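Contents: one structure, followed by commentary.
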Amino acid sequence: MKIAIPLAQGQLSQHFGHCEEFALLEIASDSKNIIAKTMHQPPPHEPGVLPRWLSELGANIIIAGGMGRRAQDLFTENGIKVVVGAVSETPEKLASDYLQNALVVGENCCDH
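Start counting the sequence shown at 1249; every next residue gets the next number (our numbering).
Shown next, in the form of structure tokens:
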């Protein structure tokens, strides 16, 4: 499992399409622990580019603050589960909470 998290200043970016970088956290299937973290500079933001790019990097989950409906559909079409409404936090904390079924999500801040 690989979890993608859009970041701004080291914490979750509320608008994934305008983030500074993506953290990609690799999770061990047996222990559900984070075994690797890589940072990636995203390509220029255009519709459909980020879902394809993250899919090529092996991501199968994205945790985001906000994401429009069309973007969510594009991620799903690329085999990536979308979790929206997360609050700004470090990628490790978000992934850990998600893996423990303790991730608190609120309103999608980008519901257009």
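Quick reminder that beta carbons are idealized off the backbone N, C-alpha and C, glycines included.
In this text the structure is predicted, and so the values were computed from the model without any measurement.
Reduced DSSP secondary structure (H/G/I, E/B, other) of residue i
{"i": "Gly1314", "result": "strand"}
{"i": "Glu1274", "result": "strand"}
{"i": "Leu1260", "result": "strand"}
{"i": "His1293", "result": "coil"}
{"i": "Leu1298", "result": "helix"}
8 Å Cβ cutoff met for residue i and residue j
{"i": "Ala1252", "j": "Ala1307", "result": "yes"}
{"i": "Glu1274", "j": "Met1287", "result": "no"}
{"i": "Asn1326", "j": "Pro1299", "result": "yes"}
6 Å Cβ shell around residue i - same chain, five flanking residues per side excluded
{"i": "Val1332", "result": "Ala1312, Met1315, Asn1356"}
{"i": "His1293", "result": "Gly1265"}
Beta-carbon contacts of residue i that lie in its chain and below 8 Å, excluding the five residues immediately before and after
{"i": "Thr1236", "result": "Outside the shown range of the chain (1249 to 1360) lies residue 1236, about which nothing can therefore be said."}
Cα-Cα separation, residue i to residue j
{"i": "Ala1304", "j": "Lys1250", "result": "Residue 1304 is actually Glu in this sequence, not Ala. Computed Cα separation, rounded: 11 Å."}
{"i": "Ser1344", "j": "Ile1283", "result": "12 Å"}
7 Å Cβ shell around residue i - same chain, five flanking residues per side excluded
{"i": "Gln1259", "result": "Ser1336, Glu1337, Thr1338"}
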